[in-house]
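See structure below.
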Amino acid sequence: QKEVEQNSGPLSVPEGAIASLNCTYSDRVSQSFFWYRQYSGKSPELIMSIYSNGDKEDGRFTAQLNKASQYVSLLIRDSQPSDSATYLCAFSRGAGGTSYGKLTFGQGTILTVHP
Amino acid sequence: GAVVSQHPSRVICKSGTSVKIECRSLDFQATTMFWYRQFPKKSLMLMATSNEGSKATYEQGVEKDKFLINHASLTLSTLTVTSAHPEDSSFYICSASRLAVIEQYFGPGTRLTVT
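Chains as they are written, first to last, in our numbering: chain A, 9 to 123; chain B, 51 to 165.
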């Protein structure tokens with residue numbers, strides 16, 4: 009079983025729609041969860057971090073975490089063509105030891121928002 | 051805040067030569083820096099974790115004698131690819147984090163091509 013699995017893409021949504029990206033993880037020790045956006049040829053950019061169960065909203069982005077189900081998602085409301093990119097979920101184990109801060113990335117989901 | 055730079059952004063070198071890549075945190079002190087590589091259409095693969103003033107911790111399968119990492123100050127880490135070969139051609143990305151802060155901020159990446 010892969011450590012992190014993201015919903016297979018590519019995902020295509022019309023402009024203005026809600027884009028839903030999902031990620032499951034197998035490591036129950038995971039404490040911190042992140043969503044990164046990566047444009048083609050560029051490095052990842054942090055867009056959301058979430059640490060506790062529930063929803064976290066930031067502008068058009070909402071991250072949802074369910075530790076019992078080992079599931080984290082990202083919703084993008086009012087999707088724009090500029091949101092077209094690869095979205096990477098990542099997790100990190102909690103404090104302690106050399107694993108602190110180390111990120112494990114999913115394979116990414118390509119999102120295309122068409123006008 | 052949390053700006054990370056990398057230099058060079060792009061480098062082409064001949065097989066057998068060595069290449070040094072610099073990673074700098076511009077507006078914060080980075081107690082930990084991470085080095086990743088990314089192949090086309092693949093996710094990020096962590097190569098090593100470096101803490102200021104101590105030896106880097108390499109991931110399994112990464113040759114420490116080939117990928118030399120130095121983290122001499124709280125704002126600078128370097129990755130030297132020694133005796134580069136065409137299979138080392140990749141996108142190398144560093145990230146940095148502050149003490150006791152889990153979020154990682156990525157540099158813009160260095161695209162290495164070995165001919």
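From the three backbone atoms N, C-alpha and C, an ideal C-beta is built for every residue, glycine too. Here the structure is a predicted model, which means the values were calculated and not measured.
Can you tell me where the beta strand (DSSP E) holding lysine 64(A) begins and where it ends? Boundaries of the beta strand (DSSP E) harbouring lysine 64(A): 62-66, taken from the DSSP string.
Cα separation between serine 100(A) and isoleucine 62(B)? Using only the alpha carbons, I get a separation of about 34 Å.
Is it right to say alanine 146(B) is buried, meaning 16 or more other beta carbons lie within 10 angstroms of its own, or is it exposed? Buried, since its Cβ has 16 or more Cβ neighbours within 10 Å.
Beta-carbon proximity check, isoleucine 143(B) vs leucine 96(B), cutoff 8 Å: Taking 8 Å as the cut-off, the Cβ atoms of isoleucine 143(B) and leucine 96(B) do not count as close.
State the start and end residues of the unbroken beta strand (DSSP E) segment that holds tyrosine 59(A). Per DSSP, tyrosine 59(A) lies in no beta strand (DSSP E) segment and is marked neither H nor E.
Helix or strand or just coil, what does DSSP make of proline 136(B)? In the structure shown, proline 136(B) falls within a helical segment according to DSSP collapsed to helix, strand and coil.
Beta-carbon contacts of serine 133(B) that lie in its chain and below 8 Å, excluding the five residues immediately before and after: So the list reads Gly66, Thr67, Ser68 and Lys116, once near-sequence residues are dropped.
Counting Cβ pairs, one atom from each stretch, are 3 or more of them under 8 Å apart for the region 120-139 of chain B and the region 110-117 of chain A? At 8 Å Cβ cutoff, the stretches do not touch.
Using alpha carbons as the reference points, say which of Asn15(A), Tyr95(A) and Ser20(A) lies closest to glutamate 53(A). In this structure, Tyr95(A) is the residue among Asn15(A), Tyr95(A) and Ser20(A) with its C-alpha nearest to the C-alpha of glutamate 53(A).
Reduced DSSP secondary structure (H/G/I, E/B, other) of serine 33(B): With chain B covering only 51 through 165, there is no way to say anything about residue 33(B).
Helix, strand or coil, according to DSSP, for proline 129(A) in the structure here? Residue 129(A) is absent from the structure shown; chain A starts at 9 and stops at 123.
Could you please give me the residues that DSSP links to glutamate 39(B) through a beta bridge? Since the first residue shown for chain B is 51 and the last is 165, residue 39(B) is missing from the structure and cannot be characterised.
When burial is assigned at 16 or more other CB atoms within 10 Å of the CB, is alanine 27(A) buried or exposed? With 16 or more other Cβ atoms within 10 Å, it is buried.
Buried versus exposed, by CB contacts within 10 Å (16 or more), tyrosine 47(A): Tyrosine 47(A) sits exposed, since fewer than 16 C-beta atoms from the chains shown fall within 10 Å of its C-beta.
By how many angstroms is the C-alpha of valine 164(B) removed from the C-alpha of histidine 135(B)? Their backbone Cα atoms lie some 6 Å apart in a straight line.
Beta-carbon within less than 6 Å of serine 75(B)'s beta-carbon, same chain only, minus the 5 sequence neighbours each way: which residues are those? Cβ neighbours of serine 75(B) beyond the five flanking positions: Val54, Thr125 and Ala146.
Closer than 7 Å between beta carbons: that is the criterion. Which residues of the region 130-148 of chain B meet it against chain A? Residues Ile143 and Ser147.
Buried or exposed for alanine 103(A), please, with buried defined as at least 16 other CB atoms from any protein chain shown within 10 angstroms of its CB. Confidence is the limiting factor: at alanine 103(A) the pLDDT is only 48, short of 50, which leaves the residue's position unreliable, though a coordinate-based value still follows. An exposed status is given to alanine 103(A), since fewer than 16 other beta-carbon atoms sit within 10 Å of its beta-carbon.
In whole angstroms, give me the CA-to-CA distance for alanine 71(A) and aspartate 86(A). Distance between the alpha carbons of alanine 71(A) and aspartate 86(A) is about 15 Å.
Go ahead and label valine 80(A) buried or exposed: buried means 16 or more other beta carbons lie within 10 angstroms of its beta carbon, across all protein chains shown. Counting Cβ neighbours within 10 Å, valine 80(A) comes out buried, since at least 16 surround it.
Would you say phenylalanine 41(A) and leucine 73(A) are within 8 Å of each other, going by their C-beta atoms? Yes. Within cutoff.
Which class does tyrosine 47(A) belong to by DSSP, given the choice of helix, strand or coil? In the structure shown, tyrosine 47(A) sits in coil (DSSP, three-state: anything other than H, G, I, E or B).
Nearest to glutamine 78(A) by alpha carbon, out of Val21(A), Ser20(A), Tyr33(A) and Pro18(A)? Closest by C-alpha distance to glutamine 78(A), out of Val21(A), Ser20(A), Tyr33(A) and Pro18(A), is Tyr33(A).
Quickly, what does DSSP pair phenylalanine 117(B) with across the bridge? List them, please. For phenylalanine 117(B), the pairing in a beta bridge is given by DSSP as Val131(B).
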